[in-house]
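Working notes, structure below.
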Amino acid sequence: MNTPAKAPLTRQQVIDRAAELGITAARLRFFDEETINGVGDGVGDGVDGGVGSESGVGEVSVSATDLYDYTQLTDVALRSVREPAEGLFIAESSKIIRRAHAAGMVPRSYLTSPKWLFDLADLIAANDAPIFIGTDAAVEALTGFHLHRGALAAMHRPEMADVSQLVAKAKRIVVIEDVVDHTNVGAIFRSAAAFGVDAVLVTPRCADPLYRRSIRVSMGTVFQVPWTRIESWPAGVDSLRELGFHVAALALEQDSVAIRDFAANAPERTAIVFGTEGDGLRRSTIAACDSTVMIPMSGGVDSLNVAAASAVACFALQTEPAADL
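Here the sequence shown is numbered in the working numbering, starting from 1069 and rising by one per residue.
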């Protein structure tokens, strides 16, 4: 027996329900496919996408500029440049948005469809950021993909911390050298969080940990593990040494020490460096490091994906075993 599909909420029903949950109608900005014409250019006239005169609170227009944060989200090259330059990042899905809020991130706006708005009502009601509510077709046309994880939020990008301040109390840190795949960066952060790494440093050419895919793969742990960019690399190895860290390169060298053996007597403050997906660490980085460690393998396998390798290394180097569940 087929269950009849529920009729979509009307604009007025959304307004009334939002009011019951403490979200004022003036924050709700409705839009459809017609509204977003020209949005991709970041210019255009305001289009009536407001709450409507029937609500009795007047209309709030949605303009192309209002929605600009959410345009061309599938263009990795463009967004990787735009987002840091414009001081924002995009959090995708209700779970990720909640983790961003819990970490103190500040929303610029929210984007959702009527059926998902109320899943985040408790968070949304606690601030005054505008809420853009579009039909499924309009949201897909705006962002470039079908939004099936509930919502997006444009968040203010936090200021990058100074390296010395970030690692002042750290015992275990990870350095990600030039890893350009956002999925791998997110996975490394997830391993770092899972195994108690105190901080992560990323080199200048490394992919953005706050890119949407990195955040999603990390399950929001990019908000949990303190991180920043180390601007000078591999010269930064000397800086870490001056800060009291033993810097270990994960690389397959003739004199590499097995990770389990290194971990058994690891210095109190250790930084482990992971290299790129293809070539691994630069020769200059390996030469600059204090020691080189490797993950012993069998079966004719000579290397692991950097995300998998990070999980093994972070597990081996954890200073306190994870609590049993």
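Heads up, the beta-carbon is just placed ideally off N, CA and C, and yes, glycines get one too.
Residue 1175 - containing beta strand (DSSP E), residue span: The residue you call residue 1175 lines up with position 107 of the sequence shown. Counted as a single uninterrupted DSSP element, the beta strand (DSSP E) harbouring residue 1175 occupies residues 1175-1180.
Residue 1282, buried or exposed, once every other Cβ within 10 Å from all chains shown has been counted against 16: Translated into the one-based positions of the sequence shown, residue 1282 becomes position 214. When all chains shown are included, residue 1282 counts as buried.
Please go through the same chain and pick out, in chain order, the residues whose beta-carbon is closer than 6 Å to the beta-carbon of residue 1330, but skip the five residues on each side of it. Walking along the sequence shown from the start, residue 1330 turns up at place 262. Answer for residue 1330: 1361, listed in chain order.
Out of 1183, 1094 and 1224, point me to the one whose CA is closest to residue 1137's CA. Taking the sequence shown and counting its residues from 1, the one referred to as residue 1137 is at position 69. Cα-wise, what sits closest to residue 1137 is 1224.
Give me, in chain order, the residues of the same chain whose beta-carbon lies closer than 6 Å to that of residue 1141; leave out the 5 immediate sequence neighbours on both sides. One-based indexing of the sequence shown puts residue 1141 at position 73. Cβ within range, chain order: 1211 and 1212.
Just confirm the distance between the C-beta atoms of residue 1268 and residue 1295, as a whole number of angstroms; I'd bet it's less than 8 Å. Within the sequence shown, residue 1268 is the residue found at index 200, counting from 1. Within the sequence shown, residue 1295 is the residue found at index 227, counting from 1. Between residue 1268 and residue 1295 the beta-carbon gap is near 4 Å, inside 8 Å, which marks them as a contact.
Mark residue 1388 as exposed unless 16 or more other C-beta atoms lie within 10 angstroms of its C-beta, in which case mark it buried. Here residue 1388 refers to the residue found at position 320 when the sequence shown is read from its first residue. Flag for residue 1388 reads exposed.
Specify the secondary structure class of residue 1203 as computed by DSSP and reduced to three states. Against the sequence shown, residue 1203 aligns to sequence position 135. Correct three-state label for residue 1203: coil.
Unbroken alpha helix (DSSP H) run spanning residue 1169, endpoints: Counting from 1 along the sequence shown, the entry for residue 1169 is found at position 101. Secondary structure note for residue 1169: its alpha helix (DSSP H) is the uninterrupted segment 1162-1170.
Our contact map puts residue 1090 next to residue 1193 with C-beta atoms below 8 Å; I'd like the distance itself, whole angstroms only. As a first step, residue 1090 is located in the sequence shown; it is residue number 22 there, counting from the start. As a first step, residue 1193 is located in the sequence shown; it is residue number 125 there, counting from the start. The beta-carbon separation of residue 1090 and residue 1193, rounded to 4 Å, stays under the 8 Å limit for a contact.
Can you tell me which of the three DSSP states residue 1301 falls into? Along the sequence shown, one-based indexing puts residue 1301 at 233. The three-state secondary structure of residue 1301, taken from DSSP, is coil.
Neighbourhood of residue 1187 by C-beta, 6 Å cutoff - its chain only, sequence neighbours within 5 removed: Position 119 of the sequence shown, counting from 1, holds the residue named residue 1187. These residues qualify, in order along the chain: 1162 and 1218.
C-alpha gap between residue 1181 and residue 1201, whole angstroms: Counting from one through the sequence shown, the residue named residue 1181 turns up at place 113. Counting from one through the sequence shown, the residue named residue 1201 turns up at place 133. The alpha-carbon atoms of residue 1181 and residue 1201 are separated by roughly 5 Å.
For residue 1296, write down the residues that DSSP places opposite it in a beta bridge. Residue numbering aside, residue 1296 sits at position 228 when the sequence shown is read from its first letter. In DSSP, residue 1296 forms a bridge with 1269.
Let me make sure I understand the geometry here. Which of 1373, 1173, 1308 and 1336 has the alpha-carbon closest to that of residue 1289? Numbered from 1 along the sequence shown, position 221 holds the residue referred to as residue 1289. The shortest C-alpha separation from residue 1289 is found at 1173.
Alpha carbons only, please: which of 1275, 1350 and 1381 is nearest the one belonging to residue 1254? Stepping through the sequence shown from its first residue, residue 1254 is reached at position 186. Restricting attention to 1275, 1350 and 1381, the CA atom closest to the CA of residue 1254 is found in 1275.
Can you find at least 3 beta carbon pairs, one from the segment 1315-1329 and one from the segment 1369-1381, that sit closer than 8 Å? Three or more Cβ pairs drawn from the segment 1315-1329 and the segment 1369-1381 lie within less than 8 Å of each other, which places the two stretches in contact.
For residue 1076 and residue 1101, the rounded distance between their alpha carbons: Along the sequence shown, one-based indexing puts residue 1101 at 33. Along the sequence shown, one-based indexing puts residue 1076 at 8. About 16 Å.
Measuring alpha carbon to alpha carbon, tell me which of 1177, 1135 and 1093 ends up nearest residue 1206. Position 138 of the sequence shown holds residue 1206. Checked all of 1177, 1135 and 1093; the closest Cα to residue 1206 is 1135.
Given a cut-off of 8 Å on the beta-carbon distance, is the pair residue 1260 and residue 1293 in contact? Translated into positions along the sequence shown, residue 1260 becomes position 192. Translated into positions along the sequence shown, residue 1293 becomes position 225. Yes.
Taking 7 Å as the limit between beta carbons, can you name the residues of its chain near residue 1287, skipping five residues before and five after? The count along the sequence shown starts at 1 and reaches residue 1287 at position 219. Correct list, in chain order: 1258.
Would you call residue 1246 buried or exposed, if buried means 16 or more other Cβ atoms sit within 10 Å of its Cβ? For the purposes of this step, residue 1246 is identified with residue 178 of the sequence shown, where counting begins at 1. Buried, by the Cβ-count rule.
Within this structure, are the beta carbons of residue 1339 and residue 1308 separated by less than 8 Å? Walking along the sequence shown from the start, residue 1339 turns up at place 271. Walking along the sequence shown from the start, residue 1308 turns up at place 240. The Cβ atoms of residue 1339 and residue 1308 lie closer than 8 Å to each other.
Which two residues bound the contiguous alpha helix (DSSP H) that contains residue 1149? In the sequence shown, residue 1149 corresponds to position 81, counting from 1. Counting along the chain, the alpha helix (DSSP H) containing residue 1149 begins and ends at 1144-1154.
In its own chain, which residues sit with a C-beta less than 8 Å from the C-beta of residue 1353, not counting the 5 before and 5 after it? Along the sequence shown, read from residue 1 onward, the residue named residue 1353 stands at position 285. Excluding sequence neighbours, residue 1353 sits near 1245, 1301, 1302, 1305, 1317, 1341 and 1343.
Given residue 1291 as reference, the closest of 1236, 1157, 1196 and 1214 once Cα atoms are compared: Start at 1 with the first residue of the sequence shown, and residue 1291 comes out as number 223. Ranking the options by Cα distance to residue 1291, first place goes to 1157.
Could you check the C-alpha separation between residue 1367 and residue 1279 for me, to the nearest Å? In the sequence shown, counting from the first residue as 1, residue 1367 sits at position 299. In the sequence shown, counting from the first residue as 1, residue 1279 sits at position 211. About 36 Å.
Beta-carbon proximity check, residue 1096 vs residue 1164, cutoff 8 Å: As a working mapping, residue 1096 is identified with position 28 in the sequence shown. As a working mapping, residue 1164 is identified with position 96 in the sequence shown. Against a cut-off of 8 Å, the Cβ pair of residue 1164 and residue 1096 comes out as no contact.
Quick check: what's the CA-CA separation for residue 1088 versus residue 1082? To locate residue 1088, count along the sequence shown from 1; it is residue 20. To locate residue 1082, count along the sequence shown from 1; it is residue 14. CA-to-CA, the gap between residue 1088 and residue 1082 works out to about 10 Å.
Check whether residue 1189 and residue 1175 have beta carbons under 8 Å apart: For the purposes of this step, residue 1189 is taken as the residue at position 121 of the sequence shown. For the purposes of this step, residue 1175 is taken as the residue at position 107 of the sequence shown. In this structure, residue 1189 keeps its C-beta atom at 8 Å or more from the C-beta atom of residue 1175.
Bounding residues of the beta strand (DSSP E) (the contiguous stretch that carries residue 1216): The residue labelled residue 1216 in the question sits at position 148 within the sequence shown. Neither: residue 1216 is in no beta strand (DSSP E) and is coded neither H nor E.
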